[in-house]
Amino acid sequence: MTAFEELPEHRLSELDDDQLIAYLRDARDAGMPGAMKPALGVLVYGYWDVLISRARIRLPAGDVEDVVAEAVMSAIASAFDGRSVGEFRSWLHTILTRRVADYYEAGKRRPKTTELPGERDDDEVWGVEPAEPFAGDALYASECVREAYSEVENPAHRSVLDLYVFGPHSAGEAAELAGGEMTEANVHQIASRFQKRFRELLDEGDTSG
Amino acid sequence: MSDVQRLFTEYKEAHQASDGKFDPGALIEQVSDGDRVELIALIDAYLERAPRRAFSAEEFRRSAAAPVAEAVQRSLAGQAGLWPALLPRLRNRARIKRADLVAELAERLGAQGQRDKVAGYYHQMEQGLLPASGVSDSVLEALGRIVGYGAAALRQAGELPAGGGVRSSPEADAVFARTHDLATVADAAESEPAAEPEQWDEVDRLFRGG
């Protein structure tokens, strides 16, 4: 068994997510809870803005920070505990997606009628605004993106989607980074097919539901 | 290029140029109905793939992420799961002062005469010093009604991470005590909780008897 070595922030920031989680566990096992603090700082700071951005496009402004904070706490605690699934970043986003869905589910459970004084059932109080019909559509649309992406089986084509459609690169850069025989025209074709399929899935949802 | 594609491309460029701080609200407002839903889904998928941001100690200390990281640390180090992180947030969200919350909790538990003892126990719950497994459903139901949160969800939050805490050795206990300022707890509880189960009164049983 090796002794726990407390690392400074600049060293911690070089660790990947899984290594940071492992470091947190090691700090706990060594009885050094204070050493967890900087590692948690690196982890929480690293994803905070992007989680806030995701929540902001779906939730009323006043509830964004609370929902994100709860998602972060829950995701880190379960990862720390070995209950998370897959890579941490993806787990963190999955938890946030669930929390947003929970938020609107809780809204649906609230009585729709105006209550008279004393009429309220305290069990129904969840402290959120009523759900907007739009919120369910937006969550469904995200499912369609995932579905359209998962239907792309060719790893090179997925790589194009990651680099170009959902990444920071131009079509030319994506073609170069994807390697092989990929051309800029291919990149546009792959992106266009993906966008068409995404739109089809969305429309299927409209007609069925 | 459709409006959605154009706005999505604009968003990506603005997001990168602003180091992730760009608010897409104005772009989303430019489309409606199905197009808006489509644009939001694309932006969401783009954000999900964003890499972890490089750490900046100075920015972190000024950001809203700092108190969250601190609360998570208290949770991971304590014995009450996520309560140290969650309970203060719920209290703030419900816009209720701790003293008022404690008074109402004591009343709901039928312990108006032992408000100080309830205050001590509630303080321990917020600090992660009270094992979550010992806190009864009655307490969680009463607390849940005050802060607007389900009792089952509170129970679940108290169980994460399972068997949590660093109190695995005398050395760990010493460090834990130093970092959690146990004196504050003692100050908060004017009525010292009884040590042995046979000496417990009803309030002790509610907070420690499970």
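The listed protein sequences correspond, in order, to chains A and B. Our numbering numbers the first residue of the first sequence as 263 and each following residue consecutively. Our numbering numbers the first residue of the second sequence as 20 and each following residue consecutively. Glycine included, C-beta positions come from ideal geometry on N, C-alpha and C.
Which residue marks the beginning of the alpha helix (DSSP H) containing residue i, and which one marks its end?
{"i": "TRP102/B", "result": "102 to 112"}
{"i": "GLY53/B", "result": "52 to 67"}
{"i": "GLN143/B", "result": "134 to 146"}
{"i": "TRP310/A", "result": "298 to 318"}
{"i": "GLN175/B", "result": "170 to 177"}
{"i": "GLY474/A", "result": "An answer regarding residue 474/A cannot be provided, because it is not within the stretch 263 to 471 covered by chain A."}
{"i": "VAL427/A", "result": "First-last for VAL427/A: undefined, no H or E at that position."}
{"i": "ARG273/A", "result": "271 to 274"}
{"i": "GLU32/B", "result": "22 to 36"}
{"i": "ALA284/A", "result": "279 to 291"}
{"i": "ALA85/B", "result": "84 to 96"}
{"i": "ILE165/B", "result": "156 to 166"}
{"i": "LEU128/B", "result": "Neither: LEU128/B is in no alpha helix (DSSP H) and is coded neither H nor E."}
{"i": "ASP42/B", "result": "Here ASP42/B belongs to no alpha helix (DSSP H), and DSSP marks it neither H nor E."}
{"i": "PHE79/B", "result": "76 to 81"}
Rounded to the nearest angstrom, how far is the Cβ of residue i from that of residue j, given a contact under 8 Å?
{"i": "ARG114/B", "j": "ALA125/B", "result": "Not a contact, Cβ separation roughly 19 Å."}
{"i": "PHE350/A", "j": "ASP291/A", "result": "Between ASP291/A and PHE350/A the Cβ distance is about 19 Å, and since that is not below 8 Å, they are no contact."}
{"i": "ALA284/A", "j": "ALA297/A", "result": "Wrong, their Cβ atoms sit about 13 Å apart, outside the cutoff."}
{"i": "GLY442/A", "j": "ALA418/A", "result": "6 Å"}
{"i": "ALA64/B", "j": "PHE428/A", "result": "6 Å"}
{"i": "ALA76/B", "j": "GLU271/A", "result": "6 Å"}
{"i": "ALA88/B", "j": "LEU302/A", "result": "4 Å"}
{"i": "GLN49/B", "j": "GLN457/A", "result": "Incorrect: roughly 18 Å between the Cβ atoms, too far for contact."}
In chain order, what residues of the same chain lie with their CB nearer than 6 Å to the CB of residue i, ignoring the 5 residues before and after it?
{"i": "LEU61/B", "result": "PHE27"}
{"i": "ALA33/B", "result": "PHE41"}
{"i": "GLU160/B", "result": "ALA170"}
Figure out for me which residue from the options has the closest Cα to the Cα of residue i.
{"i": "ALA333/A", "options": "PRO295/A, ASP343/A and VAL306/A", "result": "VAL306/A"}
{"i": "HIS355/A", "options": "ARG71/B, ARG112/B and GLU32/B", "result": "ARG71/B"}
{"i": "ALA73/B", "options": "VAL414/A, SER421/A, TRP310/A and GLN457/A", "result": "TRP310/A"}
{"i": "PRO107/B", "options": "ASP38/B, SER37/B, ASP22/B and GLY167/B", "result": "GLY167/B"}
{"i": "LEU162/B", "options": "GLY177/B, GLN131/B and ARG127/B", "result": "ARG127/B"}
{"i": "ARG93/B", "options": "GLU48/B, ASP54/B, LEU225/B and GLY177/B", "result": "GLY177/B"}
{"i": "ALA440/A", "options": "LEU282/A, LYS299/A, LEU425/A and ALA403/A", "result": "LEU425/A"}
{"i": "ARG112/B", "options": "ARG361/A, GLY324/A, ALA317/A and SER454/A", "result": "GLY324/A"}
{"i": "PRO43/B", "options": "CYS406/A, PRO295/A and ALA317/A", "result": "ALA317/A"}
{"i": "ILE452/A", "options": "MET294/A, GLU413/A and VAL326/A", "result": "GLU413/A"}
{"i": "GLN131/B", "options": "GLN49/B, LEU46/B and GLU221/B", "result": "GLU221/B"}
{"i": "CYS406/A", "options": "ALA96/B, GLY39/B, ALA45/B and ILE59/B", "result": "ILE59/B"}
Whose C-beta lies closer than 7 Å to the C-beta of residue i among residues of the same chain, with five residues either side of it excluded?
{"i": "ALA85/B", "result": "PHE79"}
{"i": "GLY229/B", "result": "SER152, GLY153 and SER155"}
{"i": "LEU179/B", "result": "GLY100 and LEU101"}
{"i": "SER275/A", "result": "VAL304"}
{"i": "ALA207/B", "result": "The pLDDT assigned to ALA207/B is 42, lower than 50, so where the model puts this residue is not dependable, and the model offers no usable value."}
{"i": "LEU225/B", "result": "LEU128, SER155, SER157 and VAL158"}
So, at 8 Å on beta carbons, what are the nonlocal neighbours of residue i in its own chain, with the 5 sequence-adjacent residues on each side left out?
{"i": "ARG273/A", "result": "none"}
{"i": "SER346/A", "result": "ALA337, SER340 and TRP353"}
{"i": "LEU378/A", "result": "Residue placement at LEU378/A cannot be trusted, given a pLDDT of 31 that sits under 50; what the coordinates show is reported in the next sentence. Closer than 8 Å at Cβ, skipping near neighbours: no residue."}
Would you mind telling me which residues of chain C sit closer than 7 Å to residue i, beta carbon to beta carbon, in chain order?
{"i": "SER82/B", "result": "The structure shown has no chain C; the protein chains it does contain are A and B."}
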